[in-house]
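The UniProt record's numbering applies: residue 1 is where the sequence shown begins, and numbers increase by one. One structure is given here, and the rest of the page talks about it.
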Amino acid sequence: MALETYNFYKFKNFKKEKRGNMIKPKKLNAGDKIAIVSLSSGVLGEAFCKHQLDLGIERLKKFGLEAVFMENSLKGLEFIKNNPQARANDLKSAFYNPEIKAILCAIGGLDTHRIFEYLFNDEEFMSYVKNNPKIFIGYSDSTNNHLFFNKLNVVSYYGMNFLSDFAELDKNMLSYTEQNFKMFFENKPSRQILLSPEWYEERKDFSQSQLGTARVKHDEKRGFQVIRGKGKIKGELFGGSLEVFYNGLNKDQQGKSTFKTFDLIPSKDVLKKIILFLETSEYKPEPKLFEKMIDLLIENEILQNVKALIFGKPQDEVFFDEYKKILKDKSEKFDLPIFYNINFGHALPHNIIPYGIELEIDFDHKTLTLTEPLFDE
1 MALETYNFYK FKNFKKEKRG NMIKPKKLNA GDKIAIVSLS SGVLGEAFCK HQLDLGIERL
61 KKFGLEAVFM ENSLKGLEFI KNNPQARAND LKSAFYNPEI KAILCAIGGL DTHRIFEYLF
121 NDEEFMSYVK NNPKIFIGYS DSTNNHLFFN KLNVVSYYGM NFLSDFAELD KNMLSYTEQN
181 FKMFFENKPS RQILLSPEWY EERKDFSQSQ LGTARVKHDE KRGFQVIRGK GKIKGELFGG
241 SLEVFYNGLN KDQQGKSTFK TFDLIPSKDV LKKIILFLET SEYKPEPKLF EKMIDLLIEN
301 EILQNVKALI FGKPQDEVFF DEYKKILKDK SEKFDLPIFY NINFGHALPH NIIPYGIELE
361 IDFDHKTLTL TEPLFDE
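Structure follows, in structure tokens:
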């Protein structure tokens, strides 16, 4: 996802939602239908992605799931770019269809924020979502969608998408990712977030010629890392893509920002109960830009108010040590506990980070535990 300053819209006076108990969707069962939506990029609809489209459908079938492509999801890059309302309509249709039990983003992109106008202006839809929650899965630019659901106190799940995970060009899905997706069919009272024994480089070529070709794989040698912290800390999960936060908090010429306009950042009182999770994109921001992004989180009084920070493995481990040092130096004055090198976001393989669910970090034993069920029975 590229960096840009977001546009703004005229919309109804937005009412601040009071923070309440998080609303959980129900888990998946074999035979369920899962909607595929293109809420950001429309690349899945391009002919050059047909081999990935077919592969992803088959992979979902192996989980016992039927992929349902929403009306506009396969109309291609140009249509999706020019029709944010059509994207929003697909999301609404997926919720209103009682046969669909989960919603999976096709891919990330650049401008999911452009659908906010059509979501936050629709009070009927927002009420329906709260009363009829469904599993929503995506990452990267889909952070914007997650923050919409979080605003409604609805749990959503950061960590996978159709193209990156289910359309993996190797002969099989990445094992760690596959095992973690199975959590959507379970509802255990607690769940550990484990470290993958290996990590994978991003592909340079996604063409049909690469079908059956394995990714470059590396043994995990760094492990979970504690930048600062001791003992145990519990908090409610909130976060996403660092670049999306940077864009969303940046002000336009009128001094407005998307996140402030739509009130997407919790109050200080709520932040004090939160464990923030962040990760960087495939653009691998240079350390100077990364530092600028962290500064903006501090300027907006986010980083100094949360209970702790967990940070994802940088893609291809680029700037691994540089990011680590910046996080340590920038947070030193407010003594922020930081847990580093977790398998979520743009670095493969993928785990799932659920918004609004309580996480316990044990800094002494380097463990991460989700302490409550992820779904409503």
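Idealized CB from N, CA, C, for every residue including glycine.
For Q210, no beta strand (DSSP E) encloses it, and the DSSP letter there is neither H nor E. Annotation for V306: L271, I274 and L276 place their beta carbon closer than 6 Å to its own, counting only its chain and skipping 5 residues before and after. Rounded to whole angstroms, L289 and E322 show a C-alpha spacing of 12 Å.
F262 sits close to F120, with the two beta carbons spaced by under 8 Å. Residue environment analysis places H346 among the buried positions, since at least 16 neighbouring C-beta atoms fall within 10 angstroms of its C-beta. As the crow flies, the alpha-carbon of I137 is around 11 Å from that of N351. For a cut-off of 8 Å, the C-beta gap from G42 to F79 is around 6 Å, short enough to register as a contact. One alpha carbon belongs to L55, the other to K171, and they sit about 10 Å apart. Here L39 really is in contact with N145; their C-beta atoms are around 6 Å apart, less than 8 Å.
The closest CA to that of I342, considering only I57, Q192, P287 and K130, is found on Q192.
Every alpha helix (DSSP H) of 4 residues or more that sits fully in the stretch 145-207 is shown, in chain order, as 175-181.
With respect to the 8 Å criterion, K284 and V318 are classified as neighbours on the basis of their beta carbons. Counting along the chain, L309 sits inside the beta strand (DSSP E) bounded by residues A308 to G312. The shortest C-alpha to C-alpha distance from F125 to any of D90, T112 and C105 is the one to D90.
Counting C-beta atoms within 10 angstroms of its own C-beta, H365 has fewer than 16 neighbours from the protein chains shown and is therefore classed as exposed. Burial check for Y96: the Cβ neighbour count within 10 Å stays below 16, so the residue is exposed. DSSP lists Q225 and F311 as the bridge partner or partners of Y340. Within the same chain, I23, L152, N153 and V154 come within 8 Å of K130 by CB-CB distance, once the 5 residues on both sides are set aside. In this structure, A102 places its C-beta atom within 8 Å of the C-beta atom of L28. Taking every protein chain shown into account, the CB of V37 has 16 or more other CB atoms within 10 angstroms, so this residue is buried. One thing to note: F363 has its Cβ within 8 Å of the Cβ of K230. The C-beta of S190 has fewer than 16 other C-beta atoms within 10 Å across all chains shown, which makes the residue exposed. Between S207 and E243, the gap from beta carbon to beta carbon reaches 8 Å or more. Between G235 and I353, the C-beta gap is not smaller than 8 Å, which leaves the two residues out of contact.
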